[in-house]
Structures are given as C-alpha cells and as structure tokens.
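Working notes, structure below.
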Amino acid sequence: MANRIAVDVDAHLKGVTKARKVLDAAREEYLAAVLGAESAGISPTKIGQAAGVTEAAIRQTVKRNKR
C-alpha cells in the first residue's frame, strides 16, 4: 500500500513539474512579447487587457523586468 502511494505521489510531482515548466515557458514568451511591444511604442497594458490580464499585474511585471 505504501509503495502504491509513493508511486502515485511521484507521478503527481512529475506532472506538477512538467506543468510548471510549460507555464514558465508561456510566461517567458508573454513577457518577451510585452517588452518587445513596449519598446515598439505599443502600450503593454493594451496587450495585457486583450489577453485578459489585469492592468495592475501588467504594471508589476513590467517594473519587475526593468530591474
């Protein structure tokens, strides 16, 4: 029984790790697009709003990436 639980937990953790990698990659692509658009003179707020991201979250991300 304990071995089965350990296998289930291990499989779950591998799935979580894979999901995190996918989310991190998507986040990096989004941030690159926002920063690229900002350097081209397009408001990152407009891009984020089109993607359904709140304005406060966009401002926080842009500030964090400028550091």
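Using our numbering, read the sequence shown as starting at 357 and increasing by one per residue.
Beta carbons are placed, not taken as given, at the ideal position from N, Cα and C, and that holds for glycine.
For A406, the closest C-alpha among the options I361, L369, A389 is that of A389. When the Cα atoms are used, E385 and V418 turn out to be separated by approximately 14 Å.
Between A393 and I403, the gap from beta carbon to beta carbon is short of 7 Å.
Here the C-alpha atom of T373 lies approximately 33 Å from the C-alpha atom of S399. Within the same chain, and ignoring the five residues on either side of L369 in sequence, no residue has its Cβ closer than 8 Å to its Cβ.
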